Amino acid sequence: MTKKNNNDLVTHLFNRSKALLIVLSVVLIAANFYVLSETRKLTSAFSEQQNQATWSLFQLTKEFSSLVAITPLALTDEKFKRRTELAYELTWSRFDLLLNAKEADSFMQIEGAREFFSHLFTRFNQLEPLVFELKEEHHVTNLNKQLTIIYKEMLGYVNHNFRIKNPLYQKQMQQAQLLDHTQIALMLLLFLCAALVGYVLHIESNTNKRLATTDYLTQIPNRLAMMQDVQQCIEQNMPFTLCLLDLNGFKQINDRFGHPAGDKALQTLAQRFSNSQNSALFASYRIGGDEFALVLLQQSSDQMEHALNCALDCFAEEVEIINDFRYALSASVGLASFPSQANCYSDLIKIADKNMYQMKFATRTAHTRQT
1 MTKKNNNDLV
11 THLFNRSKAL
21 LIVLSVVLIA
31 ANFYVLSETR
41 KLTSAFSEQQ
51 NQATWSLFQL
61 TKEFSSLVAI
71 TPLALTDEKF
81 KRRTELAYEL
91 TWSRFDLLLN
101 AKEADSFMQI
111 EGAREFFSHL
121 FTRFNQLEPL
131 VFELKEEHHV
141 TNLNKQLTII
151 YKEMLGYVNH
161 NFRIKNPLYQ
171 KQMQQAQLLD
181 HTQIALMLLL
191 FLCAALVGYV
201 LHIESNTNKR
211 LATTDYLTQI
221 PNRLAMMQDV
231 QQCIEQNMPF
241 TLCLLDLNGF
251 KQINDRFGHP
261 AGDKALQTLA
271 QRFSNSQNSA
281 LFASYRIGGD
291 EFALVLLQQS
301 SDQMEHALNC
311 ALDCFAEEVE
321 IINDFRYALS
331 ASVGLASFPS
341 QANCYSDLIK
351 IADKNMYQMK
361 FATRTAHTRQ
371 T
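No gaps in the numbering here: position 14 of the sequence shown is 14 in the UniProt record's numbering, and each next residue is one more.
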């Protein structure tokens, strides 16, 4: 019961964590859009105060900032991927206008300007294959990193070479820097949140897989887990013996004392099968109703006989079911060995099941095993 409660608690915590991370991701995406909007507004304000050449430069800054802001969202859905590609094309066109338009000739005559922006444009062009071939998250991270480096170099050049001392411009520059820092922080948080969501989903997947292969009542592996383990042994050509056990006298417990008493009996037997000593000798499974299965990996017949005797010893002591009342249980046993008797899962089950029912109808003596 404690294990079931722990599983419920873990599942609840995972669901809460996942919901919280998803909400946080949505908030961060909204915040990135807000920063993008503010960056566009600020860049537009700069552009209206400058001549045609400077206007082209700030248009480049605006489109570039949009590209940097939207790139982390490129794989969110197809719409953002198309927006990223469009933002790249717009930024490319702004670079081209700045370098080749007649209106910018006087600006390009400034010492070092053409060389600097030509070098940036060359590096920017080299990123084109990455933009149109985004498939994995690390591609987005790498592209955003390279774009951010180029973008920061351009901002540094503009800030250093085109300072304007009036308070309005200085205030606008402070706003731009704040937006830049905010954008970087938001992107880092978004990447962190995405990583955490991925980690939580990974843990949740493993937990769901474990729950799918665990019997809810007894908390030992179920039929699906047995099938997977047996199939793995077959694929690895590892000799083993499959043992099916059908409880004798279990129906009388349910009829006389009720299903809660029967459940307690099953839980007690499962605990005995899976204790530290027995788990070193065989793997135990509850495969349905009052049936259990064991997989014995021992190589020699003596080792297998010892393991089987240890399993049957689990019935030596009576099972306490209600109010200190104990009830004796036994089991009918059916064995099938791989590869000597069968070489596939379904045949092994048929042979073991047939042997078990032959024993069940031949005798009901406790602690007897089929050989």
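Ideal Cβ placement from N, Cα and C applies to all residues, glycine included.
Since this is a predicted model, take the numbers as computed values, not measurements.
Inset, instruction - Taking all protein chains shown into account, decide if Ala293 is buried (16 or more other Cβ within 10 angstroms of its Cβ) or exposed. - result: As a working mapping, residue 293 is identified with position 293 in the sequence shown. Classification for Ala293: buried.
Inset, instruction - Label Asn222 either buried or exposed according to how many other C-beta atoms from any shown protein chain fall within 10 Å of its C-beta, with 16 as the threshold for buried. - result: The residue you call residue 222 lines up with position 222 of the sequence shown. Buried.
Legend entry - Three-state secondary structure (DSSP) of Pro129: Translated into positions along the sequence shown, residue 129 becomes position 129. Correct three-state label for Pro129: helix.
Inset, instruction - Tell me whether Val23 sits in a helix, a strand or coil according to DSSP, three-state version. - result: For the purposes of this step, residue 23 is identified with residue 23 of the sequence shown, where counting begins at 1. Residue state, collapsed to three classes: helix.
Inset, instruction - Verify the CB distance criterion: does Leu28 have a CB-CB separation below 9 Å to chain B? - result: Absent from the structure: chain B. Only one protein chain is present.
Inset, instruction - Please report how far the alpha carbon of Ile351 lies from the alpha carbon of Ser340, in whole angstroms. - result: Sequence index remark: in the sequence shown, residue 351 carries index 351 (1-based). Sequence index remark: in the sequence shown, residue 340 carries index 340 (1-based). Computed Cα separation, rounded: 12 Å.
Legend entry - Closest Cα partner of Asn142 within the set Tyr285, Thr241, Ala74: For the purposes of this step, residue 142 is identified with residue 142 of the sequence shown, where counting begins at 1. The candidate whose alpha carbon is nearest that of Asn142 is Ala74.
Legend entry - Selection from Glu318, Leu312, Met304 that minimises the alpha carbon distance to Ser337: For the purposes of this step, residue 337 is taken as residue 337 along the sequence shown, with counting starting at 1. Per the Cα distances, Met304.
Legend entry - For Ala342, the first and last residue of its enclosing alpha helix (DSSP H): Along the sequence shown, one-based indexing puts residue 342 at 342. It is not in any alpha helix (DSSP H) - Ala342 carries neither H nor E in the DSSP assignment.
Legend entry - Burial state of Glu63, where buried means 16 or more other Cβ atoms lie within 10 Å: For the purposes of this step, residue 63 is identified with residue 63 of the sequence shown, where counting begins at 1. Glu63 is buried by the Cβ-count criterion.
Legend entry - Endpoints, alpha helix (DSSP H) assigned at Ser276: For the purposes of this step, residue 276 is taken as residue 276 along the sequence shown, with counting starting at 1. Element bounds for Ser276: 276–279.
Inset, instruction - Report the option in Leu98, Phe257, Leu130, Ile150 whose CA atom is closest to the CA atom of Lys81. - result: Residue 81 sits at position 81 when you count from the first residue of the sequence shown. Among Leu98, Phe257, Leu130, Ile150, the Cα nearest to that of Lys81 belongs to Leu130.
Inset, instruction - Identify whether Leu168 lies in helix, strand or coil by the three-state DSSP scheme. - result: Start at 1 with the first residue of the sequence shown, and residue 168 comes out as number 168. Its pLDDT being 46, under 50, Leu168 is placed unreliably by the model, and the measurement read from it follows with that caveat. Helix.
Inset, instruction - Quick one: using the 10 Å Cβ neighbour count with 16 as the cut-off for buried, is Tyr285 buried or exposed? - result: For this step, residue 285 is matched to residue 285 along the sequence shown. Tyr285 is buried by the Cβ-count criterion.
Legend entry - Counted within 10 angstroms of its Cβ, other Cβ atoms place Ser301 as buried (16 or more) or exposed: What you label residue 301 is simply residue 301 of the sequence shown in a count that begins at 1. By the 10 Å Cβ count, Ser301 comes out exposed.
Inset, instruction - Compute the Euclidean distance between the alpha carbons of Glu115 and Thr61, then round it to the nearest angstrom. - result: Taking the first residue of the sequence shown as position 1, residue 115 is located at position 115. Taking the first residue of the sequence shown as position 1, residue 61 is located at position 61. Taking the straight line from one Cα to the other gives about 18 Å.
Inset, instruction - Could you tell me the boundaries of the alpha helix (DSSP H) in which Ala87 lies? - result: Here residue 87 corresponds to residue number 87 of the sequence shown, with the count starting at 1. Segment 78–100, the alpha helix (DSSP H) holding Ala87.
Legend entry - Pair within 9 Å by beta-carbon distance, Gln183 and Leu86: Residue numbering aside, residue 183 sits at position 183 when the sequence shown is read from its first letter. Residue numbering aside, residue 86 sits at position 86 when the sequence shown is read from its first letter. Cβ atoms of Gln183 and Leu86: not closer than 9 Å.
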